[in-house]
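Here is the structure we will look at.
Numbering (this note's numbering), first residue to last: -14 to 120.
If you want it as structure tokens, here you go:
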């Protein structure tokens, strides 16, 4: 009936007005959080990049000091510089990859916990059997 009245009378649907108001309110709340999130990600990206260049400097200092394994720190510093540059130019893509990586870690940890529990329970049963045989 509301739809029919809106078509005949030219009034807009009340659900449309409510929906528009809700969308405006949601956008007012989500836009600032988007910019704050982007600012935070950019700040972290620049920090990682800066820290990576400091690690590069430390690797070269270790080389000058005659440390044999200076190249390992150099490799890590270069990898972190590359990742820092990627984070600066694509912070949200980086977050998506990090979330997937963390999901994989949680999955691995969950599976390893289940396996650990199964092995522990099996060991407990074995020890109980040994104890019962000794009694």
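Built from N, CA and C at the ideal position, the CB exists for glycine as well.
Please state if the CB of residue 69 and the CB of residue 33 are separated by a distance shorter than 8 Å. yes
How many Å lie between residue 42 and residue 54 at the Cα? 15 Å
Segment limits, alpha helix (DSSP H) that includes residue 98: 76 to 119
On the criterion of 16 or more Cβ atoms from any shown chain inside 10 Å, does residue 72 qualify as buried, or is it exposed? buried
Classify residue 59 as helix, strand or coil using the three-state DSSP reduction. helix
Please state whether the Cβ-Cβ distance between residue 37 and residue 65 is less than 8 Å. yes
Is residue 90 close to the ligand MN? I mean its beta-carbon at under 7 Å from any heavy atom of the ligand. The ligand MN is not among the ligands present in this structure, which contains no ligands whatsoever.
So the candidates are 113, 94, 78 and 62; which of them puts its Cα closest to the Cα of residue 35? 62
Leaving aside the five residues before and after residue 119 along the sequence, list all residues of the same chain whose C-beta is less than 6 Å from its C-beta, in chain order. none
Which value, in whole angstroms, describes the spacing of the CA atoms of residue 57 and residue 113? 49 Å
Sequence-distant residues of the same chain with beta carbon closer than 7 Å to residue 79, five excluded per side: 71 and 72
Using only the alpha-carbon positions, how far apart do residue 94 and residue 45 sit? 37 Å
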